[in-house]
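J.: Anchor point for the sequence shown: position 305 equals 305 in the UniProt record's numbering, and the numbering is continuous, going up by one each time.
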Amino acid sequence: MQEDILINWSPQETRVAIVEGGALQELHVERALERGLVSNVYLGKVARVLPGMQSAFIDIGLERAAFLHVADVWHPPAEGETISNARAAAAQIPIEKQVFEGQSLMVQVIKDPIGTKGARLSTQISIAGRMLVFLPQDDHIGVSQKIPPAQREALRQRVQTLAGDLGGGFILRTNAEDAIDQELADDVAYLRKAWKRIREAATKLPAGSLLHQDLSLLQRVLRDMVGERTASIRVDSQEQFETLKAFGLEFMPAAAQKLQHYKGERPIFDLHSIDDDIAKALGRRVELKSGGYLIVDQTEALTTVDVNTGGFVGARNFDDTIFKTNLEAAQAIARQLRLRNLGGIIVVDFIDMEREDHRLAVLTEMRKQLARDRVKTMCGGFSQLGLVEMTRKRTRESLAHMLCEACPLCQGKGMVKTARSVAYDIFREILREARQFNPKEFRVVASPKVIELFLDEESQHLAGLSEFIGKPVSLQSEGAMGQEQYDIVLM
1 MQEDILINWS
11 PQETRVAIVE
21 GGALQELHVE
31 RALERGLVSN
41 VYLGKVARVL
51 PGMQSAFIDI
61 GLERAAFLHV
71 ADVWHPPAEG
81 ETISNARAAA
91 AQIPIEKQVF
101 EGQSLMVQVI
111 KDPIGTKGAR
121 LSTQISIAGR
131 MLVFLPQDDH
141 IGVSQKIPPA
151 QREALRQRVQ
161 TLAGDLGGGF
171 ILRTNAEDAI
181 DQELADDVAY
191 LRKAWKRIRE
201 AATKLPAGSL
211 LHQDLSLLQR
221 VLRDMVGERT
231 ASIRVDSQEQ
241 FETLKAFGLE
251 FMPAAAQKLQ
261 HYKGERPIFD
271 LHSIDDDIAK
281 ALGRRVELKS
291 GGYLIVDQTE
301 ALTTVDVNTG
311 GFVGARNFDD
321 TIFKTNLEAA
331 QAIARQLRLR
341 NLGGIIVVDF
351 IDMEREDHRL
361 AVLTEMRKQL
371 ARDRVKTMCG
381 GFSQLGLVEM
391 TRKRTRESLA
401 HMLCEACPLC
411 QGKGMVKTAR
421 SVAYDIFREI
431 LREARQFNPK
441 EFRVVASPKV
451 IELFLDEESQ
461 HLAGLSEFIG
471 KPVSLQSEGA
481 MGQEQYDIVL
491 M
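1) Could you give the distance in angstroms between the alpha-carbon of C232 and the alpha-carbon of I5?
2) Is DSSP giving S459 helix, strand or coil here?
3) Starting from the C-beta of Q137, find all residues in its chain whose C-beta is less than 7 Å away, skip the five residues before and the five after it, and write them out in chain order.
4) In the DSSP assignment, the alpha helix (DSSP H) including L105 goes from what residue to what residue?
5) Let me check understanding here. Comparing Cα to Cα, which of Q182, R15 and R394 lies closest to Q219?
6) Indicate the three-state DSSP secondary structure (helix, strand or coil) for G36 in the structure shown.
7) Among the residues of its own chain, which have a CB less than 8 Å from the CB of N40, if the five just before and after it don't count?
8) Taking just the CA atoms, how far does F170 sit from A315?
9) Quick one: grab the DSSP three-state call for R394.
10) Enumerate, from N- to C-terminal direction, the unbroken beta strand (DSSP E) stretches of 3 or more residues contained entirely within the region 143–178.
11) With respect to the beta strand (DSSP E) encompassing F57, which residues constitute its N-terminal and C-terminal limits?
12) Which of helix, strand or coil does DSSP assign to Y424?
13) Quick one: measure Cβ to Cβ for G381 and D352, integer angstroms, because I've assumed they're closer than 8 Å.
14) Under DSSP, the beta strand (DSSP E) around D297 begins and ends at which residues?
15) Could you have a look at T325 and say whether DSSP puts it in helix, strand or coil?
16) Here's the rule I'm using: 16 or more other beta-carbon atoms within 10 Å means buried, otherwise exposed. How should N175 be labelled?
17) In three-state terms, what does DSSP make of S126?
18) In the structure shown, what three-state DSSP assignment does T418 receive?
19) Assuming G248 and A255 make a contact with CB atoms under 8 Å, what is their CB distance in whole Å?
20) Assign E457 to buried or exposed, taking buried as 16 or more other Cβ atoms, counted over all protein chains shown, within 10 Å of its Cβ.
21) Let me know the secondary structure DSSP gives V221 once reduced to three states.
22) Less than 9 Å between the C-beta atoms of E429 and I488, yes or no?
23) Should S55 be labelled buried (16 or more other beta-carbon atoms within 10 Å of its own) or exposed?
24) On a Cα-Cα basis, can you pick out the residue from E328, I60 and P267 that is closest to V286?
25) Tell me the DSSP secondary structure of R340 in three-state form.
26) Since F382 is in the beta strand (DSSP E), which residue starts that stretch and which ends it?
27) Just grab the DSSP bridge partners of R120 for me.
28) Where in the region 211–288 do unbroken runs of the beta strand (DSSP E), each at least 3 residues long, occur, reported from the N-terminal end onward?
29) Considering only C-alpha positions, which residue in the set R355, K376 and L68 is nearest to L342?
30) Taking the alpha-carbon positions, what's the R197 to I127 distance?
31) At what residues does the beta strand (DSSP E) containing F27 begin and finish?
32) Hey, would you say A419 sits closer than 9 Å to S447, going by beta carbons?
33) Tell me which same chain residues have a C-beta within less than 7 Å of the C-beta of R435, skipping the five on either side of it?
34) At which residues does the beta strand (DSSP E) containing E183 begin and terminate?
35) Straight-line CA distance for I141 to S122?
36) Once you ignore the five residues that flank K111 on each side, which residues in its own chain have a CB closer than 8 Å to its CB?
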């Protein structure tokens, strides 16, 4: 089935929706204020060398000078020398013998500025692609430790062949594990072209200039998301369409041919009710067409998905009802994982099935749907407790963490104490305060619902408490307070 990519751009936020069969499958969001500087390459100028700290301050055109430590000054390893040994040897050379004030240096940001501290820099340049990371100052070809050892040497040889003798080293990312030669060759060509542009800019631009910026979400769409199944890429901004077209024609000509400028009167995300799907993806409950539903709970350690039949009673017998609900749930779960960008450990509690062939069919459908995910997933079988355990690689923040924050009233618990529970907490607090202090009066400031309870159902208990402590207790309603919030004022 073919997919369409819809791009909604505004100066403050870029949103990318991948739609298949009229349904939202993935959502990517990038906000201008939250985009950091890590991986940016600058032509810096040494402003000051500090021998006592073995570091230097580099002017890269930002508000604050950036920081370069002696350990981050790159020296290529000698033949037969490991990178770690080369770093250790270079760190023994004093910083004042490696850089001097006024010197121009090509540097890369490895840590964003925080508070009053400037960005941290390195003189080792690395450019990330979809499958590979290019190291123009090195000739080493490394492989991600997450790739199985049995595949590493074969992958290394493939990249060595594709890279040829043009110089520079590469690191194979985890995404390269199942890559074909054409994908690797495309990445090699893109990275070499990007490095050529950086070098040319360094000879033309003054010190303090930005030479290379990590790709924006718009550019990553062409690099990472466009495939054979992509029918069209529609952008609702004329300016961004032109910019993206120029970038695509230079680096990804095949993907650039699928670009279209959307000129419709309706907002582009209204074409497939994208905003409605986003709102649903932030909720716990996901309705299934059959009448069943999923409950998705995201915790620190893992994500749980519970499948329920709900109002579905359409099949001839109960076993078929459960089977059909679980089959539909398997499809919906795979979509929700992509849409919500849930990563880490995921536990799915399907409705219990008696028949082994039903369990096998549901598991097969689940794995089939997960195979469409561009993020790596691993799915086990049914455990003794009837649970399916799986993992999905974390690539970025989940949709909920990106768009939401913990509720200030419930502190993320999802529940608040009842008004009666809060009222009884207040009774206990007044007794505690009465033993320590001797005010003329206790004034309770709380939410309207708690104050209403004191005036109605708990009025006798409040009068009894006042008599017991020998002090009057007055009440003050405060609409701005949450249900669990209260204050006891000693008058």
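From the three backbone atoms N, C-alpha and C, an ideal C-beta is built for every residue, glycine too.
T.: With the given structure in hand:
1) Translated into positions along the sequence shown, residue 232 becomes position 232. Translated into positions along the sequence shown, residue 5 becomes position 5. Cys is not the amino acid found at residue 232; the sequence shown has Ser there. S232 and I5: Cα-Cα distance of roughly 6 Å.
2) In the sequence shown, residue 459 corresponds to position 459, counting from 1. Helix.
3) As a working note, residue 137 is residue 137 in the sequence shown. Contacts found: W74, P76, Q124 and I125.
4) Locating residue 105 in the sequence shown gives position 105, counting from the first residue. Unbroken run through L105 is the beta strand (DSSP E), S104 to K111; no alpha helix (DSSP H).
5) Your numbering for residue 219 matches position 219 in the sequence shown. Minimum Cα distance to Q219 is reached at R15.
6) For this step, residue 36 is matched to residue 36 along the sequence shown. DSSP places G36 in coil when its eight states are reduced to three.
7) Within the sequence shown, the letter at position 40 stands for residue 40. If we look at N40 and ignore the five residues flanking it on each side, its Cβ neighbours are Q108, V109, L210, H212, Q213 and D214.
8) On the sequence shown, residue 315 is found 315 positions in, with the first residue counted as 1. On the sequence shown, residue 170 is found 170 positions in, with the first residue counted as 1. Only weak support exists for where A315 lies, its pLDDT of 49 falling under 50; the coordinates are left without a value.
9) As a working mapping, residue 394 is identified with position 394 in the sequence shown. Here R394 sits in coil by DSSP.
10) 169–172
11) The residue you call residue 57 lines up with position 57 of the sequence shown. First-last of the beta strand (DSSP E) with F57: S55 to D59.
12) For the purposes of this step, residue 424 is identified with residue 424 of the sequence shown, where counting begins at 1. Helix.
13) Sequence index remark: in the sequence shown, residue 381 carries index 381 (1-based). Sequence index remark: in the sequence shown, residue 352 carries index 352 (1-based). Not quite, the Cβ-Cβ distance comes to about 15 Å (not below 8 Å), so this is no contact.
14) Position 297 of the sequence shown, counting from 1, holds the residue named residue 297. D297 -> beta strand (DSSP E) spans Y293 to Q298.
15) For the purposes of this step, residue 325 is taken as the residue at position 325 of the sequence shown. Reduced to three states, the DSSP call for T325 is helix.
16) Residue mapping note: residue 175 aligns to position 175 of the sequence shown, counting from 1. Buried: at least 16 other Cβ atoms inside 10 Å.
17) Position 126 of the sequence shown, counted from the start, is the residue given in the question as residue 126. Of the three classes helix, strand and coil, the one that applies to S126 here is coil, per DSSP.
18) Indexing the sequence shown from 1 puts residue 418 at position 418. If DSSP states are grouped into helix, strand and coil, T418 belongs with coil.
19) As a first step, residue 248 is located in the sequence shown; it is residue number 248 there, counting from the start. As a first step, residue 255 is located in the sequence shown; it is residue number 255 there, counting from the start. Right, their Cβ atoms sit about 5 Å apart.
20) Here the question's residue 457 lines up with position 457 in the sequence shown. With fewer than 16 other Cβ atoms within 10 Å, it is exposed.
21) Sequence index remark: in the sequence shown, residue 221 carries index 221 (1-based). Here V221 sits in helix by DSSP.
22) As a working note, residue 429 is residue 429 in the sequence shown. As a working note, residue 488 is residue 488 in the sequence shown. A contact, by the Cβ cut-off of 9 Å.
23) Locating residue 55 in the sequence shown gives position 55, counting from the first residue. So S55 counts as buried.
24) Counted from its first residue, the sequence shown places residue 286 at position 286. Closest by alpha carbon: E328.
25) Position 340 of the sequence shown, counted from the start, is the residue given in the question as residue 340. Here R340 sits in helix by DSSP.
26) Position 382 of the sequence shown holds residue 382. Looking at the DSSP string, the run of the beta strand (DSSP E) that includes F382 is T377 to F382.
27) As a working mapping, residue 120 is identified with position 120 in the sequence shown. In the DSSP output, where bridge partners are listed per residue, R120 has F67 and K111.
28) 230–235, 259–261 and 285–287
29) Residue 342 sits at position 342 when you count from the first residue of the sequence shown. Per the Cα distances, K376.
30) Looking up residue 197 in the sequence shown gives position 197. Looking up residue 127 in the sequence shown gives position 127. Approximately 12 Å between the Cα atoms of the pair.
31) In the sequence shown, the residue the question calls residue 27 occupies position 27. Note that residue 27 is Leu in the sequence shown, not Phe. L27 -> beta strand (DSSP E) spans A23 to R31.
32) Locating residue 419 in the sequence shown gives position 419, where the first residue counts as 1. Locating residue 447 in the sequence shown gives position 447, where the first residue counts as 1. Yes; because the gap between Cβ atoms is below 9 Å, this pair is in contact.
33) Taking the sequence shown and counting its residues from 1, one reaches residue 435 at position 435. None.
34) Position 183 of the sequence shown holds residue 183. No beta strand (DSSP E) contains E183, which is instead part of the alpha helix (DSSP H) from D181 to K204.
35) On the sequence shown, position 141 is the one that residue 141 refers to. On the sequence shown, position 122 is the one that residue 122 refers to. Approximately 20 Å, taken between the alpha carbons.
36) Indexing the sequence shown from 1 puts residue 111 at position 111. V38, A119 and R120, listed in sequence order.
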